[in-house]
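Here's the structure we're looking at; comments come further down.
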Amino acid sequence: MKLPFPGRPLALAVFSSLLFSLSTAHAEEAPKVALVMKSLANEFFRTMEDGAKTYQKEHPDDFSLVANGIKNETDTGEQIRIVEQMVNAGAKALVIAPADSKALVSAVKKAMDKGVIVINIDNRLDPETLKSKGISVPFVGPDNRKGARLVGDYLAQQKLKAGDQVGIIEGVPTTTNAQQRTAGFKDAMQAAQMKIVSVQSGNWEIDKGNAVAASMLNEYPDLKALLAGNDSMALGAVSAVRAAGKTGQVQVVGYDNIKAIEPMLKDGRVLATLDQAASQQAVYGIQAALKMLKGEQPGVDADNVIQTPVELITK
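For reference, each letter of the sequence shown is one residue, going -27 to -1, 1 to 288 in mature numbering (1 follows the signal peptide of the UniProt record, and there is no 0).
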């Protein structure tokens, strides 16, 4: 039996092949952006990842996204490996929240030497180390010192009096954002004439924050407040305060406004925290990277910074 249109199957096959080729070429045109975060055990970075993925789904023709993070806050070696892996996989832009402000600079330089656009978010790479490598990387993120000062001021005004003893639970001490938040807490406490009896690192983690808080509560029985550099450490501090039988007597404040802290704000176990737009911070970084890929200026200020918002969160 003869087909009525013998050329139609061939034409359809050619047409389908052409469409596939065009769609493949279009997909290849979308640059790959790699988002490299710190510990995905921290709710803050999971929220950041979700925000980035939502943005990519809304702009599928603009870029493709691959996101990854490390298991704990101090595994800088693993984060360096991830950066190298992303570059080797063809990422055109790297948006990174470095686990260490100095240790990641060499990996960033290697990426830039291969033509990869790099945007720094969340924790700023050390400016002097960048300068020593002869590179400049735009930073997209909040003023951490300002944010911590807002939290500390609120604590002092609401619950403390001059001379009260307080302790600061710091993040990883080699990170710029940990240093800046500690500086902001100190600014507030010193301005209100509080006595800072201890500053110890909780490595951004719940368990370490708990251990540090427990130690401070034991060593300083008159302690009136614990200022935690992020909400994960604040969660640990809340548990330590409860275990010491001092709920309501020792105030706890945090930083990040993760969902796990919300019920504690409502019932007073945590007095205040700071929202730094976790879901949007990576988006701002991606937008800056896409601008640079097009040869446009990312919109940084004189200090090579794109400032993102901070907001005090209380009950």
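Glycine residues also receive a C-beta, built at the ideal position from the N, C-alpha and C atoms.
In this structure, Leu13 lies near Ile43, with their beta-carbon atoms less than 9 Å apart. Excluding residues up to 5 positions away in sequence, Glu16, Phe17, Asp204 lie with their Cβ nearer than 6 Å to the Cβ of Ile231 in the same chain. With contacts defined by Cβ atoms closer than 9 Å, Lys26 and Ala40 form a contacting pair. Rounded to whole angstroms, the separation of the alpha carbons of Ala164 and Met59 is 45 Å.
Per DSSP, the continuous alpha helix (DSSP H) segment holding Lys82 begins and ends at 78 to 86. Taking the Cα positions, Leu266 is about 20 Å away from Gln280.
CA-to-CA, the gap between Ala186 and Gly268 works out to about 48 Å. Residue burial annotation: Lys181 is buried, with at least 16 other C-beta atoms found within 10 angstroms of its C-beta. For Ser171, the uninterrupted beta strand (DSSP E) segment begins and ends at 168 to 174. Residue pairing by DSSP places Ala40 opposite Leu8 in a beta bridge. Secondary structure remark: continuous alpha helix (DSSP H) runs of at least 4 residues inside the region 208 to 286, in chain order: 235 to 240, 251 to 266. Rounded to the nearest whole angstrom, the CA to CA distance from Gly209 to Ala184 is 8 Å. Nearest C-alpha to Lys5 among Gly50, Val68, Glu46: Val68. With a cutoff of 9 Å on beta-carbon distance, Ala261 and Ile108 are scored as not near each other. The beta carbon of Val81 sits closer than 6 Å to those of Val91, all from its chain and outside the five residues before and after it, given in chain order.
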